[in-house]
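Engineer: I have a structure here, written as structure tokens, and I will follow up with some questions on it.
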Amino acid sequence: MKTELAQSFRRLEYRPPVYTFGQVELDIALDPARTIVKSKIEVLPGNSFEPGAPMVLVGQELEFVSLRINGEAHRRFELTPETLTIHSLPKEGAEKFTLEIISICVPEKNTSLMGLYVSNGNFFTQCEAEGFRKITYFLDRPDVMARYRVTLQAPEAQYPVLLSNGNLLKEEKLPNGWHSATWEDPFPKPSYLFALVAGKLECIEETITTSSGAKKLLQIWVEPHDLQKTRHAMDSLIASIHWDEKRFGLELDLERFMIVAVGDFNMGAMENKGLNIFNTKFVLAQPETATDADFANIESVVAHEYFHNWTGNRVTCQDWFQLSLKEGLTVFRDQEFSADQMGSESGRAVKRIEDVRLLRQLQFPEDAGPMAHPIRPDEYQEINNFYTVTVYEKGSEVVRMYQTLLGRDGFRKGMDLYFQRHDGQAVTCDDFLAAMADANGKDLSQFKNWYSQAGTPRVKVDGQYDAANKQYRLTLTQSCAPTPGQAEKKPFHIRLKVCLITAGNDQVEQLLELTESTQTWTFDHIEDRPVLSINRNFSAPVNIDFEQSEEDLLTLLSSDDDPFNRWEAGQKLAMQMILNNRLPDSALINAYREILLDPNLDPAFKELALTLPAESYLYEQCKSVDPQKIFAARISFRKELAKQLQLEWAALYQQNQTPGPFKSDAINSGKRALKNLALSMLLDADPKIWAPMARNQFQIADNMTDRYAALAALVMHGAKGAAECLEDFYKRFADDALVIDKWFALQSSRPPVEGLESTLNEVKRLREHPAFKLNNPNRARSVIHVFCANNPASFHQADGSGYAFWAESVLALDPINPQVAARLARALDRWRLFAEPYQSKMKAALEQVAACQTLSPDVKEVVSKALG
Ligand code: ARG
Ligand code: ZN
Numbered sequence: 006m007k008t009e010l011a012q013s014f015r016r017l018e019y020r021p022p023v024y025t026f027g028q029v030e031l032d033i034a035l036d037p038a039r040t041i042v043k044s045k046i047e048v049l050p051g052n053s054f055e056p057g058a059p060m061v062l063v064g065q066e067l068e069f070v071s072l073r074i075n076g077e078a079h080r081r082f083e084l085t086p087e088t089l090t091i092h093s094l095p096k097e098g099a100e101k102f103t104l105e106i107i108s109i110c111v112p113e114k115n116t117s118l119m120g121l122y123v124s125n126g127n128f129f130t131q132c133e134a135e136g137f138r139k140i141t142y143f144l145d146r147p148d149v150m151a152r153y154r155v156t157l158q159a160p161e162a163q164y165p166v167l168l169s170n171g172n173l174l175k176e177e178k179l180p181n182g183w184h185s186a187t188w189e190d191p192f193p194k195p196s197y198l199f200a201l202v203a204g205k206l207e208c209i210e211e212t213i214t215t216s217s218g219a220k221k222l223l224q225i226w227v228e229p230h231d232l233q234k235t236r237h238a239m240d241s242l243i244a245s246i247h248w249d250e251k252r253f254g255l256e257l258d259l260e261r262f263m264i265v266a267v268g269d270f271n272m273g274a275m276e277n278k279g280l281n282i283f284n285t286k287f288v289l290a291q292p293e294t295a296t297d298a299d300f301a302n303i304e305s306v307v308a309h310e311y312f313h314n315w316t317g318n319r320v321t322c323q324d325w326f327q328l329s330l331k332e333g334l335t336v337f338r339d340q341e342f343s344a345d346q347m348g349s350e351s352g353r354a355v356k357r358i359e360d361v362r363l364l365r366q367l368q369f370p371e372d373a374g375p376m377a378h379p380i381r382p383d384e385y386q387e388i389n390n391f392y393t394v395t396v397y398e399k400g401s402e403v404v405r406m407y408q409t410l411l412g413r414d415g416f417r418k419g420m421d422l423y424f425q426r427h428d429g430q431a432v433t434c435d436d437f438l439a440a441m442a443d444a445n446g447k448d449l450s451q452f453k454n455w456y457s458q459a460g461t462p463r464v465k466v467d468g469q470y471d472a473a474n475k476q477y478r479l480t481l482t483q484s485c486a487p488t489p490g491q492a493e494k495k496p497f498h499i500r501l502k503v504c505l506i507t508a509g510n511d512q513v514e515q516l517l518e519l520t521e522s523t524q525t526w527t528f529d530h531i532e533d534r535p536v537l538s539i540n541r542n543f544s545a546p547v548n549i550d551f552e553q554s555e556e557d558l559l560t561l562l563s564s565d566d567d568p569f570n571r572w573e574a575g576q577k578l579a580m581q582m583i584l585n586n587r588l589p590d591s592a593l594i595n596a597y598r599e600i601l602l603d604p605n606l607d608p609a610f611k612e613l614a615l616t617l618p619a620e621s622y623l624y625e626q627c628k629s630v631d632p633q634k635i636f637a638a639r640i641s642f643r644k645e646l647a648k649q650l651q652l653e654w655a656a657l658y659q660q661n662q663t664p665g666p667f668k669s670d671a672i673n674s675g676k677r678a679l680k681n682l683a684l685s686m687l688l689d690a691d692p693k694i695w696a697p698m699a700r701n702q703f704q705i706a707d708n709m710t711d712r713y714a715a716l717a718a719l720v721m722h723g724a725k726g727a728a729e730c731l732e733d734f735y736k737r738f739a740d741d742a743l744v745i746d747k748w749f750a751l752q753s754s755r756p757p758v759e760g761l762e763s764t765l766n767e768v769k770r771l772r773e774h775p776a777f778k779l780n781n782p783n784r785a786r787s788v789i790h791v792f793c794a795n796n797p798a799s800f801h802q803a804d805g806s807g808y809a810f811w812a813e814s815v816l817a818l819d820p821i822n823p824q825v826a827a828r829l830a831r832a833l834d835r836w837r838l839f840a841e842p843y844q845s846k847m848k849a850a851l852e853q854v855a856a857c858q859t860l861s862p863d864v865k866e867v868v869s870k871a872l873g
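Just so we're aligned: 106 in this note's numbering is position 101 of the sequence shown, and the numbers increase by one with no gaps anywhere.
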């Protein structure tokens with residue numbers, strides 16, 4: 006019974022380890038029902054050692070078998086469900102000794118997908134953050150770095166491939182059809198980077214030569230039937246390796262680098278040393294089965310995990326409070342990589358807009374809600390709940406600010422010093438900041454507030470033009486709303502790129518440093534009233550509070566030379582009109598038309614500029630959210646846009662076809678994005694006229710982007726033929742799990758459509774579908790999370806039926822997989838923002854979940870903080 010009070014871990018309570026490990030030898034006999042793990046560990050006194058100190062190892066769901074010290078059976082120990090405490094160590098623990106432990110785990114019963122588990126008959130591991138303790142008793146903390154030598158044994162017929170970290174030392178045949186493989190990782194690593202894989206897998210491989218002239222073997226391992234879907238991941242890996250050499254001077258340090266794909270996985274992927282394990286979703290792609298978004302995601306996740314080899318593995322985190330040290334930095338690196346892959350400056354801007362849009366849709370709400378935390382949290386109950394958009398995406402924005410501040414070269418100097426100082430160590434966010442500061446001779450002390458304070462800063466803008474003196478005075482005032490545990494905030498160091506746009510068009514960009522609560526700048530010799538373009542390229546992750554006139558916003562939308570702010574002006578205009586329940590006026594329609602017809606703009610940019618702000622972003626602008634009113638206003642606005650520009654949409658649809666062999670590059674995917682936005686707009690304008698064109702596209706498409714977009718347009722609009730196309734789609738792709746996930750997700754994300762039954766009823770039917778599996782995270786998410794988190798208008802029903810479904814689903818998932826359940830639990834985070842009757846019904850659903858006596862620590866933390 007887990008009824009005790011929740012335990013909190015605190016950053017300031019960090020103590021270095023009492024003991025530490027040198028060499029670790031693991032001998033693992035794989036059996037789904039009973040895997041025997043023998044460890045032989047060299048133990049040394051750690052930095053907090055005191056003579057006579059007992060050694061406390063952690064273990065979870067393990068059957069303890071035996072313990073030996075220096076070869077002798079040892080009896081002075083205590084076992085609890087989660088610890089093994091060893092007393093009476095030789096020489097009071099002051100000198101090196103050898104520990105041998107035998108324990109047993111049961112991979113086939115492991116539905117949490119942490120530790121060692123079975124997926125489709127093969128073995129996989131996931132150890133970050135604290136999964137290694139489900140494999141053997143250990144010092145399972147990132148600041149204990151050891152050298153691993155791993156021998157895997159298994160029946161050869163069922164498990165022909167045996168993989169672990171590092172280099173393959175030997176393979177042997179054993180009696181009774183068993184075989185073994187021994188792997189050695191030359192680099193010391195924390196246990197969270199350990200991995201093993203065993204089963205019936207095949208690989209594609211390539212040999213490449215890296216900057217120092219060394220030959221490296223690259224492999225991508227998948228189930229045999231997926232082999233032809235690995236090319237894009239391999240190309241992405243090779244591009245990532247070359248990019249990291251060029252941009253940061255970082256070379257692959259192992260002879261062999263492997264990626265393995267698995268269909269059951271909690272997150273996106275994992276950077277285990279030399280043996281990355283990936284959700285199949287981020288490896289497998291072919292034009293017929295993967296969309297342009299899938300191709301782009303694969304490229305960025307492959308890069309992300311590869312980049313971790315330096316930022317994460319060579320230099321790792323001292324403790325889990327420092328998670329953003331590796332994640333924020335690595336997201337920044339993968340964003341920069343993907344931006345460079347776009348192939349042009351305008352392509353880079355498109356990538357920037359996409360990244361910021363994600364940040365504002367997901368991270369800003371988190372930062373304003375009950376789970377708000379600094380990028381370096383001070384407290385957690387369950388670390389798995391802190392793999393958040395704050396730690397990752399806001400963490401990346403904070404790293405980006407160093408680069409804005411120091412320039413690319415200064416940033417590179419800081420990175421070089423960081424590796425020079427800390428290679429092979431487990432360090433903190435402060436160490437990273439110190440390297441950036443010292444390498445550039447800068448005082449970055451105020452910059453630390455970005456690490457310690459939660460909440461999105463708000464910058465209030467007051468701009469006054471003094472025509473008599475030809476002066477423009479700009480006053481900026483920063484504030485940050487209270488967040489849990491932080492009532493008062495100190496001012497942040499905020500760097501804002503600004504530009505005064507005048508009729509003469511003499512645009513000079515400047516960088517303003519806002520370090521106090523309020524500051525004023527005066528600009529001289531401004532001949533005409535300027536239009537202020539502020540926070541260009543989103544130079545700081547803040548909310549700008551600026552009552553800019555519609556006229557000025559239209560000027561920015563049509564002529565700002567910063568593409569980000571051009572996009573931003575359009576978003577702001579649309580947002581204000583939607584929130585005021587207005588339709589787009591002729592001035593805005595004309596501005597949109599000009600953008601659509603401008604031959605100098607990328608199709609990808611046009612698509613972004615004409616896509617309306619998401620409902621979740623609109624919610625954050627309100628004091629009290631009525632989700633149905635916002636939905637209705639947004640839909641009417643969109644319909645008007647569709648109708649007023651119907652001719653343009655029809656022309657764009659024709660002009661942006663991509664004939665010839667499929668290419669997933671920025672230009673072609675941008676064209677498809679714009680064409681498919683046009684298609685969906687046309688169905689908004691008149692489903693009767695345009696549905697046949699969507700059905701035709703669905704039938705003749707030679708790639709998933711176009712086929713799926715056509716299907717989505719039909720389904721989202723409840724158009725004629727939607728049901729038949731859905732059925733056809735299912736039949737075509739019945740044995741492709743990732744495509745069937747799309748089929749489920751599409752139906753779960755349909756907004757309310759007049760005359761159709763509620764999406765909730767549809768979702769309940771999907772849950773009974775023979776292909777639905779609650780145990781598989783991708784499938785569960787494609788139905789349940791999509792409905793609860795990505796389909797606001799269907800989810801937020803005044804009768805509370807969506808919330809009841811949510812509560813039931815959280816409680817059903819929690820005993821199977823606490824991490825997947827806890828993510829779903831977050832869907833009600835912002836309940837206090839909603840108007841009645843929504844708010845009370847959400848609260849009741851949260852209370853219903855909180856009342857469950859057997860909640861996992863994961864879900865318990867989320868719901869108790871939501872209600873707290
Ligand atoms: N380090 C991984 C990544 O960002 C994420 C692993 C998180 N896994 C977890 N169970 N919390 O690439
Ligand atoms: Zn990562």
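Ideal Cβ placement from N, Cα and C applies to all residues, glycine included.
Under 8 Å from any heavy atom of the ligand ARG, does the C-beta of Y122 make it?
Structural biologist: Not so, every heavy atom of the ligand ARG lies at least 8 Å from the Cβ.
Engineer: Helix, strand or coil for I388? Go by DSSP, reduced to three states.
Structural biologist: Reduced to three states, the DSSP call for I388 is helix.
Engineer: Below 6 Å CB to CB, which residues in the same chain sit around V149 once its five sequence neighbours on both sides are set aside?
Structural biologist: P22, T25, F26.
Engineer: Using the beta-carbon count (16 or more within 10 Å), is Q660 buried or exposed?
Structural biologist: Counting Cβ neighbours within 10 Å, Q660 comes out exposed, since fewer than 16 surround it.
Engineer: Can you check DSSP and say which residues form a bridge with P160?
Structural biologist: DSSP lists W183 as partners of P160.
Engineer: With a threshold of 16 other CB atoms inside 10 Å of the CB of M6, please say whether the residue is buried or exposed.
Structural biologist: Low confidence applies here, because M6 scores a pLDDT of 38, under 50, leaving its location unreliable; read the following figure in that light. Answer is exposed; the Cβ neighbour count stays below 16.
Engineer: Answer yes or no: do D249 and Y311 have a C-beta to C-beta separation smaller than 9 Å?
Structural biologist: Taking 9 Å as the Cβ cut-off, D249 and Y311 qualify as a contacting pair.
Engineer: Assign N454 to one of three DSSP states: helix, strand, or coil.
Structural biologist: Residue state, collapsed to three classes: helix.
Engineer: Can you tell me whether Q858 is buried or exposed, with buried defined as 16 or more other CB within 10 angstroms of its CB?
Structural biologist: With fewer than 16 Cβ atoms within 10 Å of its Cβ, Q858 is classed as exposed.
Engineer: Just verifying my parser: in three-state terms, what is the DSSP assignment at L505?
Structural biologist: If DSSP states are grouped into helix, strand and coil, L505 belongs with the strands.
Engineer: Determine the extent of the beta strand (DSSP E) in which A34 is found, giving its start and end residues.
Structural biologist: Taken as a continuous stretch (DSSP letters only), the beta strand (DSSP E) holding A34 covers 24-34.
Engineer: Applying the criterion that 16 or more other CB atoms from any shown protein chain within 10 Å of the CB defines a buried residue, is Q28 buried or exposed?
Structural biologist: Exposed, since its Cβ has fewer than 16 Cβ neighbours within 10 Å.
Engineer: Comparing the CB of H774 with every heavy atom of the ligand ARG, is any distance shorter than 8 Å?
Structural biologist: H774: no, Cβ never under 8 Å from the ligand ARG.
Engineer: Helix, strand or coil for D550? Go by DSSP, reduced to three states.
Structural biologist: D550: strand per DSSP, three-state reduction.
Engineer: I'd like to confirm the pairing. Which residues does DSSP put opposite E210 in its beta bridges?
Structural biologist: Answer is Q224, bridged to E210.
Engineer: Taking C-alpha atoms, which residue in L818, V864, W811, A803 lies nearest to A840?
Structural biologist: Among L818, V864, W811, A803, the Cα nearest to that of A840 belongs to A803.
Engineer: Since I believe L157 is in contact with A203 (beta carbons under 8 Å), could you give me their beta-carbon distance rounded to a whole number of angstroms?
Structural biologist: 6 Å between Cβ atoms; contact.
Engineer: So, helix, strand or coil for L62, using DSSP?
Structural biologist: DSSP places L62 in strand when its eight states are reduced to three.
Engineer: Assuming contact is defined by CB atoms lying nearer than 9 Å, are T296 and Y713 in contact in what I supplied?
Structural biologist: Contact: yes.
Engineer: Can you find the residues in the same chain that come closer than 6 Å, C-beta to C-beta, to D533, ignoring five residues on each side of it along the sequence?
Structural biologist: Taken in chain order, the residues that qualify are T507, A508.
Engineer: If you count every other CB in all the chains shown that lies within 10 Å of the CB of G460, and 16 or more means buried, which is it?
Structural biologist: So G460 counts as buried.
Engineer: Cβ of H313 within 8 Å of any heavy atom in the ligand ARG?
Structural biologist: Yes, the beta carbon of H313 sits closer than 8 Å to at least one heavy atom of the ligand ARG.
Engineer: Rounded to whole angstroms, what is the Cα-Cα separation between G873 and K865?
Structural biologist: Roughly 12 Å separates the two Cα atoms.
Engineer: Under the rule that 16 or more other beta-carbon atoms within 10 Å means buried, what is E97, buried or exposed?
Structural biologist: Answer is exposed; the Cβ neighbour count stays below 16.
Engineer: Classify K101 as helix, strand or coil using the three-state DSSP reduction.
Structural biologist: Three-state result, K101: coil.
Engineer: Between M119 and the ligand ARG, is the CB less than 8 Å from at least one heavy atom?
Structural biologist: Yes, the ligand ARG has a heavy atom inside 8 Å of this Cβ.
Engineer: Determine the direct distance from the alpha carbon of L167 to that of E620, and round the result to whole angstroms.
Structural biologist: Each residue's Cα considered, the two are about 47 Å apart.
Engineer: Could you tell me the boundaries of the beta strand (DSSP E) in which F528 lies?
Structural biologist: 523-528 is the span of the beta strand (DSSP E), which, as asked, contains F528.
Engineer: Output the distance between the C-alpha atoms of G468 and D372, rounded to the nearest integer angstrom.
Structural biologist: Cα to Cα, G468 sits roughly 28 Å from D372.
Engineer: Would you be able to state if there are at least three C-beta pairs under 8 Å between the region 679-696 and the region 642-654?
Structural biologist: Because the criterion of three Cβ pairs below 8 Å is met, the region 642-654 and the region 679-696 touch.
Engineer: Measuring CB atoms only, is the region 818-832 touching the region 608-627, in the sense that at least three cross pairs come out at less than 8 Å?
Structural biologist: These segments do not touch.
Engineer: Can you tell me which of the three DSSP states I682 falls into?
Structural biologist: In the sequence as displayed, the identity of residue 682 is Leu instead of Ile. DSSP places L682 in helix when its eight states are reduced to three.
Engineer: Which residue wins for smallest C-alpha separation from E161, given the options K175, P180, H184?
Structural biologist: Out of K175, P180, H184, H184 has the C-alpha closest to the C-alpha of E161.
Engineer: Determine, using beta carbons only, whether F26 comes closer than 9 Å to chain D.
Structural biologist: This model lacks chain D altogether; it includes just one protein chain.
Engineer: CA-CA distance, F192 and E387?
Structural biologist: Going by the C-alpha atoms only, they are around 29 Å apart.
Engineer: What's the call for E176, buried or exposed, on a 16-neighbour Cβ count within 10 Å?
Structural biologist: Exposed, since its Cβ has fewer than 16 Cβ neighbours within 10 Å.
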